Each structure stands twice: as C-alpha cells, then as structure tokens.
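When you read off a place in the sequence shown, starting at 1, and then add 130, the result is the number in my numbering. We put the beta carbon where it would ideally sit given N, CA and C, even for glycine. Bear in mind that the values here come from a model prediction, so they are computed numbers and not experimental data.
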Amino acid sequence: MTEGMPIAIIEALAAGVPIIATAVGDMPDMLGHGIAGELVPPGDATSLADAMERVFRDEDYRCRLAAAARQLSCRYSVKTMADAYLEFYQEAIAGARRRSSGLLHAPGHESASL
131 MTEGMPIAII EALAAGVPII ATAVGDMPDM LGHGIAGELV PPGDATSLAD AMERVFRDED
191 YRCRLAAAAR QLSCRYSVKT MADAYLEFYQ EAIAGARRRS SGLLHAPGHE SASL
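This is how it looks when you write it as structure tokens:
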C-alpha cells in the first residue's frame, strides 16, 4: 500500500530537508524524479543504506538536495493546492452543466429548466 502525497514529504520539502524515499506512488513526481531527494526501490535495504550514507557523507550533495526541495515545495503550498482544487471543481461543475444541458435539449425530451 502506498500513500499518494504524504504530508511528511510536503513538510520536508518546505523545510528543505534532504529526502530519501522509496520510488512508489507519487514519490518520483514529488521529488522531481530524484532532483530533490534520493529514490530507492521498495524493499531494497542495501539501496536505502547506500542512499543514507551518500546523503550523510556528501555535504554539497545534501545542500543541493535541500535547495531543490525548497524550490519544489512551492508546488504544494496551500495557495497552489487550493487553486488546483478550485480549478478542478469549476471544470467538474462546468462539465456537469454541459451534460445536463445536452440531456435537457436532446430529441424526444421536453425542455426543462434547472
């Protein structure tokens, strides 16, 4: 089982924390396909340990991951997410209205108003 968009990852991005995660669900997209964090195969303890050691030992790499994480975090700001939900619902409502209008005016149906 995977979580699509874990809040802990969103918080880590915003905090500029280098992230090490398994490449499942939305993790590759959330981490810019490895730009803002290390992605390892699920269940691969050796890859996880290697990624942890790499991030721990290489300060320049760790700083690059942290900077990229902060940059990517704007995708998940409250405003960005609220705007995305608003657009989604507006499109859904417009589509429902179009479908409803088409049914009401279809041949063999009496015209009615909503």
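field: Under 9 Å between C-beta atoms of L202 and M135
entry: Numbered from its first residue, the sequence shown carries residue 202 at position 72. Numbered from its first residue, the sequence shown carries residue 135 at position 5. Against a cut-off of 9 Å, the Cβ pair of M135 and L202 comes out as no contact.
task: Could you check the C-alpha separation between A166 and Y191 for me, to the nearest Å?
output: Your numbering for residue 166 matches position 36 in the sequence shown. Your numbering for residue 191 matches position 61 in the sequence shown. So the alpha carbons of these two residues sit roughly 10 Å apart.
- prompt: Is the CB-CB distance between L169 and A153 below 9 Å?
  reply: Counting from one through the sequence shown, the residue named residue 169 turns up at place 39. Counting from one through the sequence shown, the residue named residue 153 turns up at place 23. Yes.
message: DSSP three-state label for A151, please.
response: Mapped onto the sequence shown, residue 151 falls at position 21. Strand at A151.
task: Just tell me which of Y219, I140, A199 has its CA closest to the CA of G146.
output: Position 16 of the sequence shown, counted from the first residue, corresponds to residue 146. Considering only alpha carbons, the answer is A199.
message: Using 9 Å as the threshold, is the C-beta distance between A214 and P148 below it?
response: Sequence index remark: in the sequence shown, residue 214 carries index 84 (1-based). Sequence index remark: in the sequence shown, residue 148 carries index 18 (1-based). Their beta carbons are not under 9 Å apart, which means A214 does not touch P148 by this criterion.
message: Please report the distance separating the alpha-carbon of M131 from that of F218.
response: Residue numbering aside, residue 131 sits at position 1 when the sequence shown is read from its first letter. Residue numbering aside, residue 218 sits at position 88 when the sequence shown is read from its first letter. Below a pLDDT of 50, predicted positions are generally treated as unreliable, and M131, at 48, falls in that range; no measurement from the model is reported.
task: Reducing DSSP to helix, strand and coil, say where G162 ends up.
output: Within the sequence shown, residue 162 is the residue found at index 32, counting from 1. Collapsing the DSSP output to three states places G162 in a helix.
field: Where L244 sits in the DSSP three-state scheme
entry: Here residue 244 refers to the residue found at position 114 when the sequence shown is read from its first residue. At L244, the pLDDT of 49 sits below 50, so the modelled position is not reliable; the number obtained from the coordinates is stated separately. When DSSP states are grouped into helix, strand and coil, L244 belongs to the coil group.
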